[in-house]
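K.L.:
Have a look at the structure that comes next, please.
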Ligand code: AHR
């Protein structure tokens, strides 16, 4: 047998095993809803928590989940979506690594009559109506909340000039674009604030460290604030600040996003000043939406979870365990 065909047969067989049910239309198949979900990868504690939550909620709701991890590659996500279409799943969900480049595969899903749910991140398509809804955080608001914290902190410390470096998430991803836009829009009329540089850290701890080394080499002690788009990069950056004989949380204010347990522990130690929450717990809303679609019910176009800010303005010892 041709190697490609053999590989395809193995992949379909594995998917059947994962979903725990027969192909739709088989005599032995059960009536469970089958949801194909293409996850971006495992780049952060947030992402791992998000995958775990979706798996747990699929169990709770009795949904057959076909989960594929794309290892940060858009082409892997497109291939996964094509496999879900070939399998005739009831619904497809995916967390798009970037915003552009989805039109073709989503037209194929639409032609096959399979509804598509965006999880976590948004996309830009030329054609409207290729997806049914988006379940994910309001990233713009997260950027606004990060900037509002900084403005309050600057007021309370009586700071007159503030040099900010920004370590951003994956270029062309929704959280990168919207967190930056929310932050910039909120500080733009505050004369004290200057952005020294924005640099792409790709949401990775190793890149957070590399970016911080570069920024310290270039700007040294003139950096007053690090605004990092996720905890992973923040946790990578902090030891670099210490190696440069500067005190994170004091010499340089640190603002992060996500609110995973590790970052909250660092906040409690005083090395992070503020963490804006981005919850990975999207599984319940995803399963409820998939069931509604299967039953022909209408669904909300956008579902944003409630999120909060953790910071040195509060009693941080009272923050409950985060679960991711
Ligand atoms: O899309 C959500 C972002 O992706 C999280 O902030 C980050 O940690 C993750 O990798």
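Numbering (the working numbering), first residue to last: 3 to 326. No residue lacks a Cβ here, since even glycine has one placed at the ideal position from N, Cα and C. Owing to the predicted nature of the structure, the values given are computational and were not obtained by experimental measurement.
(1) Would you say residue 52 and residue 101 are within 8 Å of each other, going by their C-beta atoms?
(2) Excluding the 5 residues flanking residue 176 on each side, which residues of the same chain have their C-beta closer than 7 Å to its C-beta?
(3) Once you ignore the five residues that flank residue 307 on each side, which residues in its own chain have a CB closer than 6 Å to its CB?
(4) Kindly provide the ranges of any beta strand (DSSP E) runs that are 3 or more residues long and lie completely inside the region 51-95, ordered along the chain.
(5) So, under 8 Å CB-CB, residue 256 and residue 240 are touching, yes? Tell me the CB distance rounded to an integer number of Å.
(6) Count the C-beta pairs between the region 141-158 and the region 186-200 that are closer than 8 Å, then say yes if the count reaches three, no if not.
(7) Output the boundary residues of the alpha helix (DSSP H) element that contains residue 38.
(8) Taking C-beta to C-beta, are residue 107 and residue 83 nearer than 8 Å?
(9) Can you tell me whether DSSP reads residue 250 as helix, strand or coil?
(10) Quick one: grab the DSSP three-state call for residue 308.
(11) Can you tell me whether residue 281 is helix, strand or coil according to DSSP?
(12) With 16 as the cutoff for other CB atoms within 10 Å, does residue 168 come out buried or exposed?
(13) Any beta carbon of chain B sitting closer than 8 Å to that of residue 272?
(14) Quick one: what's residue 195 bridged to in DSSP?
(15) In the DSSP assignment, find the unbroken beta strand (DSSP E) run with residue 260 in it and report its ends.
(16) Beta-carbon within less than 6 Å of residue 235's beta-carbon, same chain only, minus the 5 sequence neighbours each way: which residues are those?
(17) Is any heavy atom of the ligand AHR found at a distance shorter than 7 Å from the C-beta of residue 123?
(18) Given 7 Å as the limit, tell me if residue 280 has its C-beta closer than that to any heavy atom belonging to the ligand AHR.
(19) So which of 214, 244 and 245 has the shortest CA-CA distance to residue 230?
(20) Give me the Cα-Cα distance between residue 327 and residue 95, rounded to the nearest whole angstrom.
(21) Below 8 Å between beta carbons: does that hold for residue 70 and residue 44?
(22) Taking residue 228 as part of the beta strand (DSSP E), name the residues at either end of that continuous run.
(23) Report buried or exposed for residue 207, applying the criterion of at least 16 other Cβ atoms within 10 angstroms of its Cβ.
(24) Give the DSSP-derived three-state secondary structure of residue 318 in the structure shown.
(25) Find out if the Cβ-Cβ distance for the pair residue 336, residue 194 is shorter than 8 Å.
(26) Looking at the ligand AHR, does it come within less than 7 Å of residue 54, judged from the CB to the closest heavy atom?
P.N.:
Reading from the atomic positions:
(1) For this step, residue 52 is matched to residue 50 along the chain shown. For this step, residue 101 is matched to residue 99 along the chain shown. No. Outside cutoff.
(2) By 1-based counting over the chain shown, the position of residue 176 is 174. Here the set comprises 101, 123, 124 and 141.
(3) As a first step, residue 307 is located in the chain shown; it is residue number 305 there, counting from the start. Cβ within range, chain order: 281.
(4) 66-71
(5) Locating residue 256 in the chain shown gives position 254, counting from the first residue. Locating residue 240 in the chain shown gives position 238, counting from the first residue. Indeed they touch by this definition, with Cβ atoms about 7 Å apart.
(6) yes
(7) For the purposes of this step, residue 38 is taken as residue 36 along the chain shown, with counting starting at 1. Counted as a single uninterrupted DSSP element, the stretch harbouring residue 38 is not any alpha helix (DSSP H) but the beta strand (DSSP E) occupying residues 36-41.
(8) Taking the first residue of the chain shown as position 1, residue 107 is located at position 105. Taking the first residue of the chain shown as position 1, residue 83 is located at position 81. Yes; because the gap between Cβ atoms is below 8 Å, this pair is in contact.
(9) Here residue 250 refers to the residue found at position 248 of the chain shown. Three-state result, residue 250: strand.
(10) Locating residue 308 in the chain shown gives position 306, counting from the first residue. Coil.
(11) Mapped onto the chain shown, residue 281 falls at position 279. Note: residue 281 maps to coil in three-state DSSP.
(12) Position 166 of the chain shown, counted from the first residue, corresponds to residue 168. So residue 168 ends up on the buried side.
(13) The structure shown contains no chain B; it holds only a single protein chain.
(14) For this step, residue 195 is matched to residue 193 along the chain shown. Residue 195 is bridged to 164.
(15) For the purposes of this step, residue 260 is identified with residue 258 of the chain shown, where counting begins at 1. Unbroken beta strand (DSSP E) run through residue 260: 255-260.
(16) Within the chain shown, residue 235 is the residue found at index 233, counting from 1. So the list reads 169, 203 and 210, once near-sequence residues are dropped.
(17) Taking the chain shown and counting its residues from 1, one reaches residue 123 at position 121. Yes, the ligand AHR has a heavy atom inside 7 Å of this Cβ.
(18) Here the question's residue 280 lines up with position 278 in the chain shown. Flag set: Cβ of residue 280 near the ligand AHR.
(19) The residue labelled residue 230 in the question sits at position 228 within the chain shown. Residue 214 is the option with its Cα nearest to residue 230.
(20) Past the boundaries of the shown model lies residue 327; the chain is included only from 3 to 326, so the question cannot be answered.
(21) Sequence index remark: in the chain shown, residue 70 carries index 68 (1-based). Sequence index remark: in the chain shown, residue 44 carries index 42 (1-based). In this structure, residue 70 keeps its C-beta atom at 8 Å or more from the C-beta atom of residue 44.
(22) Start at 1 with the first residue of the chain shown, and residue 228 comes out as number 226. 227-230 is the extent of the beta strand (DSSP E) around residue 228.
(23) In the chain shown, counting from the first residue as 1, residue 207 sits at position 205. Buried.
(24) Taking the first residue of the chain shown as 1, we reach residue 318 at position 316. Note: residue 318 maps to helix in three-state DSSP.
(25) Residue 336 falls outside the range modelled here, since the chain spans only 3 to 326, and no answer is possible.
(26) Residue mapping note: residue 54 aligns to position 52 of the chain shown, counting from 1. Checking every heavy atom of the ligand AHR against the Cβ of residue 54, none is found closer than 7 Å.
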